[in-house]
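Enquirer:
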Amino acid sequence: MASFPKRTRTCGELRAQDIGTTVTLNGWVDTRRDLGGVIFIDLRDRYGITQIVFNPQRGSDAHAAAKELRSEFVLSVTGTVERRPEGTAHPGLETGEIDVMVSALMILNRAETPPFPMDESAETAEDLRLKYRYLDLRRPSLQRTLMFRHRMYQITHRYFDSRGFIEIETPVLMKSTPEGARDYLVPSRVHRGRFYALPQSPQTYKQILMVSGFDKYVQIVKCFRDEDLRADRQPEFTQIDIEMSFVDEIDIQNLAEGLIATFFKELKGIDIPLPLPRFTYREAMETYGSDKPDTRFGLKFCDITDLVGRSGFKVFADNVQRGGVVAGFVVPGGASLTRNQMDTIVDFTKGLGAGGLVYFKWTEQGLETAVEKFLGKDIVAAIAAHMGAAKGDLILLVSDVWLKAYTILGSLRLEMARRLNLIDETRNDLLWVTEFPMFEYSEEEKRFVAMHHMFTAPHPDDIELLTTDPGKARARAYDIVLNGNEIGGGSIRIHDRELQSKVFGLLGMGPEEAEKKFGFLLGAFRYGAPPHGGIALGFDRIVMLMTGMKSIRDVMAFPKTASAMSLMDEAPSEVEDKQLRELHIRVV
RNA sequence: GGGGCGGUAGCUCAGUUUGGUUAGAGCGCCUGCCUGUCACGCAGGAGGUCGCGAGUUCGACUCUCGUCCGCCCCGCCA
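Residues 22 to 609 in my numbering are what the first sequence lists, from first letter to last.
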């Protein structure tokens, strides 16, 4: 039994066809315009805004009560829908043709003046928005984004359900695993000195579900990583986690790119041509200097190692002697950059760890470069020709070992594109990067670490390399990239105990340690593990990119700050001594 | 862990370079007037530990040191 007149309609739906009907609306005071006699209130709910009118001649009690209305008061109003007088319709508002002439007003709740306005006319400091998140969430931008996000959940569920996938929840309290990100730990009260970890991903569980015969698994699931944050990284985030049995790479990729294309079609009306372009890791690095290339602009790289390997320029020649590469790219029209601008670019490149940056400017006077006296006119001209440069262009060259040279060029390429405004923001460039290396060498730990994760299967042609040259072995791993952002990654997994043990060994984990940490998984593999593989897609990141938000915080209801604090509820917080004692924990 | 930027009225900011009278503006808020506004209008008013703590100085929003908080980047994030 309601203690107030319940709404019969929402604030977003009344139109001219409703004129003459009596309605009750519930909502918040968005703005108030008190003209002394007549009072206009914009009443707001999540469906929209309807102007309600208090006229002393049409309801003097309601009008008197309306005098005290202020921003964000919660109201129930009853009145008749009327056409606005000639010339006073509001074309910018969907409900702009009508008013609700109020006969009865009930104030359901009063509100203090909010610390910032609900309209988004002025930028508001983010820490304030986070402290008063419940108010920020009333604002149009977050309302829109969270509704977009809701639709993406629904599309996801429908997409997978219609393809026979089973949604299964996996534990949030799980076993801490080595490698990868730092775990969030949860102390056990019952077992002194033992800890659960929050999942970095449900990786082991979904593989075990494959052993159990659930050959198509999906879950929209929270994951937790205790690492430092960025604009696109939060300590807890959501993934669309997928695993399938009896499949290879192409099956997973078709499924995942189909989902992304469905998002674009249904949420934005955009057709994404499928299948998506594929780049091997090597191609991506050697063309764009990134394992998540942004292909919305050119500035593709060109290898000139062979042209300069025996030149008189010792920086290049010595590097090539040591097995390094020399490569670079052409910036069309870049010759007009000033000396000052070039100095900034050189400094930027050095800041990335480069020894230096060699550049040629092709001006009216011809090819100009500070290193012409070392390379010689002919080689300079040959480089420009080989790279396809023209008059007015700038050529940028970096010389270093393969990975470092291309990584530096990749950052420089992005920087130049931003500086020169070359990025076409209207494009939606999706692609796959495949054939990642199995391992990368960790200088810190003096051993190989898994580039994707340690359950990733090696490329069938590279099994031998695991023994002879593990650093060269390719993995059956793949990432999906949108406009230079990694939005998902997966692999075909190892389903063979022997091979899995071998990979553990290469990662410096002996049989005993492997048994202790992953005995349950290896145990499952004894009882008939099917070939399987999967992928995880970054749900928040996809919402962020599709809604054009700059930060992942803008697509989450209750995000944390860059120092992982929640400003609204002030988590993390200190706890009672009693709680600590029960958990056998002392703070040092 | 490192680098950069920021913290002044409820909000958005100016003032800090070169220390010096009473720290300003717009919006919001409060009061009054106003019967078709929609950025309503008009008149008046209130509102400040200049993030915090030391120091230098006759005097600190301003200079120095420390510290806290926010944002961005590097490291890190299989």
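For each residue, glycine too, the CB sits at the ideal point set by N, CA and C. On a predicted model such as this, the values are computed, not experimentally measured, just so you know.
In the structure shown, what three-state DSSP assignment does I229 receive?
Expert: One-based indexing of the first sequence puts residue 229 at position 208. When DSSP states are grouped into helix, strand and coil, I229 belongs to the helix group.
Enquirer: Would the beta-carbon of N47 fall within 8 Å of that of R28?
Expert: As a first step, residue 47 is located in the first sequence; it is residue number 26 there, counting from the start. As a first step, residue 28 is located in the first sequence; it is residue number 7 there, counting from the start. In this structure, R28 lies closer than 8 Å to N47 by Cβ.
Enquirer: Since Y427 and G355 are thought to touch, with beta carbons under 8 Å apart, how far apart are those beta carbons, to the nearest angstrom?
Expert: By 1-based counting over the first sequence, the position of residue 427 is 406. By 1-based counting over the first sequence, the position of residue 355 is 334. That belief does not hold up - the Cβ atoms of Y427 and G355 are roughly 20 Å apart, past 8 Å.
Enquirer: I'd like the list of long-range same chain contacts for I70, defined as Cβ closer than 8 Å, with 5 residues on each side in sequence excluded.
Expert: Numbered from its first residue, the first sequence carries residue 70 at position 49. C32, G33, D51, D63, L64, L114 and T116.
Enquirer: Which residue's Cα is closest to the Cα of L604: Y153, R210 and G526?
Expert: Along the first sequence, read from residue 1 onward, the residue named residue 604 stands at position 583. The residue with the shortest Cα to Cα distance from L604 is R210.
Enquirer: How would you label T575, buried or exposed, when you count the other beta carbons within 10 angstroms and need 16 or more for buried?
Expert: To locate residue 575, count along the first sequence from 1; it is residue 554. For clarity, residue 575 is Asp in the given sequence; the question names Thr instead. Buried, by the Cβ-count rule.
Enquirer: Can you list, in chain order, the residues of its chain with a C-beta nearer than 7 Å to that of P223? Leave out the 5 residues immediately preceding and following it.
Expert: Residue 223 sits at position 202 when you count from the first residue of the first sequence. These residues qualify, in order along the chain: T191, Q240, V242 and D262.
Enquirer: Please determine, among T145, I366 and G214, the residue with the shortest C-alpha to C-alpha distance to L601.
Expert: As a first step, residue 601 must be located in the first sequence, where it is residue number 580. For L601, the nearest C-alpha among the options comes from G214.
Enquirer: Which residues mark the beginning and the end of the alpha helix (DSSP H) in which H553 is found?
Expert: Here residue 553 corresponds to residue number 532 of the first sequence, with the count starting at 1. Here H553 belongs to no alpha helix (DSSP H); instead the beta strand (DSSP E) covers H553 to G559.
Enquirer: Taking L527 and P491 to be in contact with their CB atoms under 8 Å, please state how far apart those CB atoms are, rounded to whole angstroms.
Expert: Reading the first sequence from its first residue, position 506 is the one you call residue 527. Reading the first sequence from its first residue, position 470 is the one you call residue 491. Their Cβ separation, rounded to whole angstroms, is 5 Å, which keeps L527 and P491 in contact under 8 Å.
Enquirer: By the three-class DSSP mapping on this structure, what secondary structure does D590 have?
Expert: As a working note, residue 590 is residue 569 in the first sequence. D590 falls in the coil class under three-state DSSP.
Enquirer: Residues in the same chain with beta-carbon distance under 7 Å from V401, minus the five sequence neighbours each way, listed in chain order, please.
Expert: Taking the first residue of the first sequence as 1, we reach residue 401 at position 380. Only F381, L388, T390 and E393 meet the Cβ criterion.
Enquirer: Quick check: the Cα distance between E446 and M472, rounded to an integer number of angstroms?
Expert: Position 425 of the first sequence, counted from the start, is the residue given in the question as residue 446. Position 451 of the first sequence, counted from the start, is the residue given in the question as residue 472. Taking the straight line joining both Cα atoms gives about 30 Å.
Enquirer: Can you tell me which of the three DSSP states T631 falls into?
Expert: Any answer about residue 631 is impossible in this case: the structure gives the chain only from 22 up to 609.
Enquirer: Using a 10 Å radius around the Cβ and a threshold of 16 neighbouring Cβ atoms, would you call Q260 buried or exposed?
Expert: Stepping through the first sequence from its first residue, residue 260 is reached at position 239. It is buried - the Cβ of Q260 has at least 16 other Cβ atoms within 10 Å.
Enquirer: Identify whether Q362 lies in helix, strand or coil by the three-state DSSP scheme.
Expert: Locating residue 362 in the first sequence gives position 341, counting from the first residue. Collapsing the DSSP output to three states places Q362 in a helix.
Enquirer: Since Y19 sits in a beta bridge, which residues does DSSP pair it with?
Expert: Residue 19 falls outside the range modelled here, since the chain spans only 22 to 609, and no answer is possible.
Enquirer: Work out the CA separation of L288 and E485 for me, nearest whole Å.
Expert: Working through the first sequence from its first residue, we reach residue 485 at position 464. Working through the first sequence from its first residue, we reach residue 288 at position 267. Roughly 46 Å separates the two Cα atoms.
Enquirer: Given a cut-off of 8 Å, decide if T326 and V336 are closer than it, judged by their beta-carbon atoms.
Expert: Taking the first sequence and counting its residues from 1, the one referred to as residue 336 is at position 315. Taking the first sequence and counting its residues from 1, the one referred to as residue 326 is at position 305. For V336 and T326, no; Cβs fall outside 8 Å.
Enquirer: DSSP puts R251 in a beta bridge; with which residues?
Expert: Locating residue 251 in the first sequence gives position 230, counting from the first residue. R251 pairs with R254.
Enquirer: Just verifying my parser: in three-state terms, what is the DSSP assignment at Q240?
Expert: Here the question's residue 240 lines up with position 219 in the first sequence. If DSSP states are grouped into helix, strand and coil, Q240 belongs with the strands.
Enquirer: Could you name the residues of the same chain whose beta carbon sits closer than 6 Å to that of G510, not counting the 5 residues immediately before and after it, in chain order?
Expert: Your numbering for residue 510 matches position 489 in the first sequence. Answer for G510: D500, listed in chain order.
Enquirer: Between P77 and V59, what straight-line distance do the alpha-carbon atoms span, to the nearest angstrom?
Expert: If you number the first sequence from 1, residue 77 lands on position 56. If you number the first sequence from 1, residue 59 lands on position 38. Rounded to whole angstroms, P77 to V59 spans 7 Å at the Cα level.
Enquirer: Since T42 contacts V102 with CB under 8 Å, what's their CB separation in whole angstroms?
Expert: The residue you call residue 42 lines up with position 21 of the first sequence. The residue you call residue 102 lines up with position 81 of the first sequence. That pair is a contact at about 5 Å.
Enquirer: Less than 8 Å separating the beta-carbons of D157 and R150?
Expert: Here residue 157 refers to the residue found at position 136 when the first sequence is read from its first residue. Here residue 150 refers to the residue found at position 129 when the first sequence is read from its first residue. It is a contact, given that the beta carbons lie within the stated cut-off.
Enquirer: Take F25 and list the residues in its own chain whose beta-carbon comes closer than 6 Å to its own, dropping the five residues that flank it on each side.
Expert: Numbered from 1 along the first sequence, position 4 holds the residue referred to as residue 25. S97, M127 and L129.
Enquirer: Strictly by DSSP, which residues pair up with I62?
Expert: Numbered from 1 along the first sequence, position 41 holds the residue referred to as residue 62. Looking at the DSSP assignment, I62 forms a beta bridge with R53 and I73.
Enquirer: Of all the beta strand (DSSP E) runs that stay within the bounds of the stretch 357–436, which reach a length of 3 or more residues?
Expert: Counting whole runs of 3 or more residues, the stretch 357–436 contains the beta strand (DSSP E) stretches 379–384, 387–389 and 415–421.
Enquirer: Locate the beta strand (DSSP E) running through D324, then write down its first and last residues.
Expert: For the purposes of this step, residue 324 is taken as residue 303 along the first sequence, with counting starting at 1. Note, D324: beta strand (DSSP E), F322 to D324.
Enquirer: Drop a sphere of 10 angstroms on the beta-carbon of A410, count the other beta-carbons inside from all chains shown, and report buried for 16 or more, exposed for fewer.
Expert: Along the first sequence, one-based indexing puts residue 410 at 389. Under this definition A410 is a buried residue.
Enquirer: Return helix, strand or coil for I119, following the three-state DSSP convention.
Expert: Within the first sequence, numbered from 1, the residue matching residue 119 stands at position 98. Strand at I119.
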